[in-house]
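Residue numbers (the numbering used here): 2 to 176.
Ideal placement from N, C-alpha and C gives every residue a C-beta, glycine not left out.
From a predicted model like this one, the values you see are computed outputs, not experimental measurements.
First comes the structure, then the notes that go with it.
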């Protein structure tokens, strides 16, 4: 896995915030129920969502080699409920394509079932451009940060699922 440690230090906590704008929530927590699934199947589904987002970028570049990880659902039994987080980054082949990639995502995500719930500079010293979008059908949220002042410039992408429940008789696998 070739993700900058600083990116993960920022990305993981940011991705763990509650989803906004999703309709089907559990007991007012703001986190949608994603249904019943094993951890492995849910991770595959979230990685497929990430792949779909990557396809929308539309410029040449490299992605980090990262896998999804299982996290807890806040306020839920960690033996039965879980979320899946898939953090990754995209570095365009040409630094000049970074803004193009972000603008393509901003235009394409709504055409593919995503609702943009936040867009604008973040509170960091660099004032990175950040886009947050929810997809009710996929029970997922994505936070994309355009890190134009990094060397190399990149997009930091965090996809997080709603809250899954494991099937009866099974336990949450942590990876």
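Straight-line Cα distance separating residue 62 from residue 94: Counting from one through the chain shown, the residue named residue 94 turns up at place 93. Counting from one through the chain shown, the residue named residue 62 turns up at place 61. Each residue's CA atom was taken as its position, placing residue 94 and residue 62 some 4 Å apart.
Helix, strand or coil at residue 104 [DSSP, three-state]: By 1-based counting over the chain shown, the position of residue 104 is 103. Residue 104 falls in the helix class under three-state DSSP.
Of the residues 91, 111, 45, the one placed nearest residue 102, counting alpha carbons only: Here residue 102 corresponds to residue number 101 of the chain shown, with the count starting at 1. Looking at the Cα atoms, 91 is the closest of the given residues.
Through-space distance from residue 173 to residue 82, alpha-carbon basis: Within the chain shown, residue 82 is the residue found at index 81, counting from 1. Within the chain shown, residue 173 is the residue found at index 172, counting from 1. Residue 82 and residue 173: Cα-Cα distance of roughly 7 Å.
Beta strand (DSSP E) runs contained entirely in the region 48-117, provided each spans 3 or more residues: 62-64, 70-72, 82-93
Beta-carbon spacing of residue 132, residue 105 below 8 Å: For the purposes of this step, residue 132 is identified with residue 131 of the chain shown, where counting begins at 1. For the purposes of this step, residue 105 is identified with residue 104 of the chain shown, where counting begins at 1. No, they are not a contact pair.
Residue 125 - DSSP class collapsed to helix/strand/coil: Residue 125 sits at position 124 when you count from the first residue of the chain shown. Coil, per DSSP.
Inter-stretch contact at 8 Å, needing at least 3 Cβ pairs: the region 120-139 / the region 70-87: no
Segment limits, beta strand (DSSP E) that includes residue 159: Position 158 of the chain shown holds residue 159. That run of the beta strand (DSSP E) goes 155-162.
Backbone CA spacing between residue 117 and residue 144 [nearest angstrom]: Residue mapping note: residue 117 aligns to position 116 of the chain shown, counting from 1. Residue mapping note: residue 144 aligns to position 143 of the chain shown, counting from 1. Taking the straight line joining both Cα atoms gives about 10 Å.
Same chain, Cβ closer than 7 Å to residue 50, five either side skipped, listed in chain order: On the chain shown, residue 50 is found 49 positions in, with the first residue counted as 1. Excluding positions up to five away in sequence, the list reads 139, 141, 160.
Neighbour-count burial assignment, residue 56, 16 or more Cβ in a 10 Å radius: Counting from one through the chain shown, the residue named residue 56 turns up at place 55. Exposed is the call here.
Cβ shell of residue 44 (< 6 Å), same chain only, five flanking positions each side left out: Taking the first residue of the chain shown as position 1, residue 44 is located at position 43. Closer than 6 Å at the Cβ level, and outside the excluded window around residue 44, lie 69, 85.
Through-space distance from residue 151 to residue 99, alpha-carbon basis: As a working mapping, residue 99 is identified with position 98 in the chain shown. As a working mapping, residue 151 is identified with position 150 in the chain shown. Taking the straight line from one Cα to the other gives about 11 Å.
Backbone secondary structure at residue 41 - three-state DSSP: By one-based count along the chain shown, residue 41 stands at place 40. It is helical.
Separation of residue 39 from residue 163, as counted between CA atoms: Residue mapping note: residue 163 aligns to position 162 of the chain shown, counting from 1. Residue mapping note: residue 39 aligns to position 38 of the chain shown, counting from 1. Straight through space, the alpha carbons of residue 39 and residue 163 are spaced by roughly 14 Å.
Nearest-angstrom Cα separation, counted from residue 52 out to residue 169: Counting from 1 along the chain shown, the entry for residue 169 is found at position 168. Counting from 1 along the chain shown, the entry for residue 52 is found at position 51. Straight-line Cα distance between these residues: approximately 30 Å.
Residues that residue 143 bridges to, as DSSP identifies them: Against the chain shown, residue 143 aligns to sequence position 142. Bridge partners of residue 143: 134, 160.
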